[in-house]
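Chemist: Once you've had a glance at the structure underneath, I'll fire off some questions.
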Amino acid sequence: MIDIKLLREQPDFVRAAIAHKKFKTDIDAVLELDAARRAKITQAEQARAEQKSANSEMATLPKGSPEFIAKVQEMKAIAAQAKELEVAAKEADEAFQAAFLSIPNLPDPTVPVGKGEDENVIASTWGDTDADFPYALPHFDIPWFESRIDFARGVKTTGAGFPFYVGEMSRLVRALVNFFLEEARQNGYEEVLPPIVVNAESATATGQLPDKEGQMYVDDNEGLYLIPTAEVPVTNFYRDEILEADQMPIYRCAYTPCFRREAGSWGAHVRGLNRLHQFDKVELVKWTDAESSMEELEKLRENVEGTLQKLELPYRVLRMCTGDIGFPHAKQYDLEVFAAGQKRWLEVSSCSNFTDFQARRAGIRYRDPEGKPVTAHTLNGSGLAVPRVLAAILENNLQADGRVKVPDCLQYWMRQEFIGEAKVD
RNA sequence: GGAGAAGUGGCUGAGUGGCCGAAAGCGCUUCUUUGCUAAAGAAGUGAACCUCAAAAGGGUUCCGCGGGUUCGAAUCCCGCCUUCUCCGCCA
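Using numbering that gives the first Met the number 0, the final residue of the first sequence is 424, and nothing's skipped along the way.
Take a look at the structure:
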C-alpha cells in the first residue's frame, strides 16, 4: 500500500502517477472513505474516553452503595452508545482499507510511459543474437529431449507441467542451481532455505492475496499455499519487525521450487520448458533504506546480468513501461534470454523495486538516525529461473553431432562436457 | 495423535474484576560525580492510530490471536494459534 499521508496531501500527484498503470482506482472514492472513517473513529474515541473517565469515577464509589447502583444504570447507556459508535467506526475503517488496498504503487519517474508490453523499452542487449546457430532446434524438438525431461510420465504421476528430469538432465538442473547460488553468494547474498508453503498472512503481505489467489496451489485443510516464488517466504522473514539501520542493506538469496497454477495462460508458446507448473528458481531479495533502493535495483540487475554473461547466453534487458509493471512495483527490469531454436526471447528474471509499498503492507521497518521507525524498501529479482535458462542452453549450445555443450561455468558441478546423444547416421 | 502446563514490555518476572500501559529487577540512553575504566546516584526508556499548520499537548488501542460476559477485563467464559513436559508415531 502507498503512504496514506501522500494520498491525503497530494491526491492529484497520486492520480497523475498511477494514470498510466493498468490498474484502475477511484481516488476520490478512497479519499471520501478516508474522511468518513476518520470522522467515525473520532466519534467512537470520544465516546470511549467519556466512558473511561466516568468509569474511573465509579471505581472510587463503595460497591453496592446507592450512588454506585445509580451510576451503573447511567453507565449502561453510555457503554451501549460507545459500543455502537465503535462498530460503526470499524465498518468505516474496513470499507476504507479495502478501497485503499486497490491503489497500486506509484511508478518511479524514470519508468517509461507506455500502455502495455509493446511499449517496454529495450535498455540493452548482450551477446550476438544474430550469430549463426546452425544446429539450433527448439529444445522440445531435440530427438533425445523426452528421454531426459519426461513429460509423459510427469502427466501420469501428477499432471501437465510437472516433468521428471532424468539422469544427466537432473544433474544439469542441480548444477544450475548450485551455480546460481554460488554467484549470489559471491555477490554478497546470504543463503536461506525457506519453507515452500506459506500461510495466508505471508501471501497477503507480499501481495499474492487477495488478487492472485487463483494462481497458487492451496492446501485447504491447513490454509497453506505452495509458494509461487521464494520472494514470499524470504520477504516475510522480517514481517512485522523493526530492523536496525546499520543492518541495512540486507541481501538474501534462496533456492526453492516454485508452483504456479498458470490458470488461463495455456496456449501457444508454452511447449516444453517454456511454462511449467513447478520449476526451480534462485531468488535474490534485498531490504534497504528509503534512500538507496533505486541504486540497489541497478546493482541487483547487474548481478543477474553477470550470471547470464557467464552462461554465455545472449540476453536483453527491458525497462518495463508504466502499463506493464506490476501492481506493487515502482520500477522493474525484465531480463530475457534468446532461445535460438525457437527464435524467441524467454523471460528468465524480473528485477523489481517495490519501494515501501510491499514493506508497508508487510510491516517491515527500520530505525532512522533519530531512532524513529521508518518503512523499509524491498527489492527482489530472479537469479535465475532454471527451466528457461535450460531451454536456451539446450537450443543455443546444440552441436553438429546432436549433443549439447555444457557451459564452462557449470563444469565445476557437472564435470561433463556434453549431454545428450550423438546422432548415429 | 493422546494427556497435562504455559503464553505479560528488549529480557527476567509480579499482577485473578476497577486508580494497571502494566510492580520490581536486568538491559539500554542521557546526565552527575570520580585520573581513565569500573562503581555509584538521578532522569528517561515500546508500537499503531486519531486530533493539531507544525511542535508541544491531548485522546484511543495493544498484556499470544479472535469472539463473549460486565458499567468496567491482563485478570472471568468460549474458540484458535504457539511453546514446553510426558506418552505414542515417524524421516
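Don't be surprised by glycine CBs; every beta carbon is placed ideally from N, CA and C.
#1: Enumerated in chain order, which unbroken segments of the alpha helix (DSSP H) with a length of 4 residues or greater are wholly contained in the stretch 83–149?
#2: Taking alanine 338 as part of the beta strand (DSSP E), name the residues at either end of that continuous run.
#3: Going residue by residue through the stretch 230–301, where are the continuous alpha helix (DSSP H) segments of at least 4 residues, counting only ones entirely within it?
#4: For threonine 228, which residues of its own chain have a beta-carbon under 7 Å away from its beta-carbon, when the five flanking residues on both sides are left out?
#5: Cβ-heavy atom distance between valine 13 and the ligand GDP below 7 Å?
#6: Which residues mark the beginning and the end of the alpha helix (DSSP H) in which threonine 203 is found?
#7: Please list, in chain order, all residues of the same chain as alanine 53 whose beta carbon is under 7 Å from its beta carbon, the five residues on each side excluded.
#8: Tell me where the alpha helix (DSSP H) around asparagine 395 begins and ends.
#9: Taking C-beta to C-beta, are phenylalanine 427 and glycine 382 nearer than 8 Å?
#10: Measure the C-alpha to C-alpha separation of glutamine 331 and cysteine 350 and round it to an integer number of angstroms.
#11: Taking contact to mean at least 3 C-beta pairs separated by less than 8 Å, is the stretch 329–343 in contact with the stretch 195–213?
#12: Should arginine 414 be labelled buried (16 or more other beta-carbon atoms within 10 Å of its own) or exposed?
#13: If distances are taken between C-alpha atoms only, which option among Pro137, Ala375 and Ile249 comes closest to asparagine 396?
#14: Which residues in the same chain have their Cβ closer than 7 Å to the Cβ of valine 112, if we skip the five residues on either side of it in sequence?
#15: With DSSP run on the structure shown, which of helix, strand or coil describes serine 52?
#16: Rounded to whole angstroms, how far is the Cβ of phenylalanine 353 from the Cβ of alanine 329, which I believe are closer than 8 Å?
#17: Could you name the residues that DSSP lists as bridge partners for asparagine 427?
#18: Identify whether isoleucine 363 lies in helix, strand or coil by the three-state DSSP scheme.
#19: Roughly how many angstroms separate the alpha carbons of leucine 393 and phenylalanine 144, rounded to a whole number?
#20: Taking a contact to mean a Cβ-Cβ separation below 8 Å, would you say leucine 275 touches arginine 364 in this structure?
#21: At what residues does the alpha helix (DSSP H) containing valine 13 begin and finish?
#22: Exposed or buried, what is tyrosine 411 when buried is set at 16 or more other beta-carbons lying within 10 Å of its beta-carbon?
#23: If you draw a straight line from the C-alpha of leucine 307 to the C-alpha of leucine 378, how long is it?
#24: Would you say the stretch 205–217 touches the stretch 228–238, given that touching needs at least three Cβ pairs under 8 Å?
#25: How many Å lie between aspartate 367 and alanine 244 at the Cα?
#26: I'd like to check one pair, valine 385 with serine 348: are the Cβ atoms closer than 8 Å?
#27: Please confirm if the stretch 37–53 is in contact with the stretch 121–141, defined as three or more CB-CB distances below 8 Å between the two stretches.
#28: For glycine 380, write down the residues that DSSP places opposite it in a beta bridge.
Modeler: So, to answer that:
#1: 144–147
#2: 330–338
#3: 230–235
#4: Cys257, Lys280 and Glu282
#5: No copy of the ligand GDP appears in this structure; indeed no ligand is present at all.
#6: 199–204
#7: Met74 and Ile77
#8: 385–395
#9: The structure shown does not extend to residue 427, since the chain is modelled only from 0 through 424, so no value can be given for it.
#10: 6 Å
#11: no
#12: exposed
#13: Pro137
#14: His19, Cys320 and Thr321
#15: helix
#16: 6 Å
#17: This structure gives no information on residue 427, because the portion of the chain shown stretches from 0 to 424.
#18: strand
#19: 9 Å
#20: no
#21: 10–17
#22: exposed
#23: 20 Å
#24: yes
#25: 6 Å
#26: no
#27: no
#28: Leu283 and Cys350
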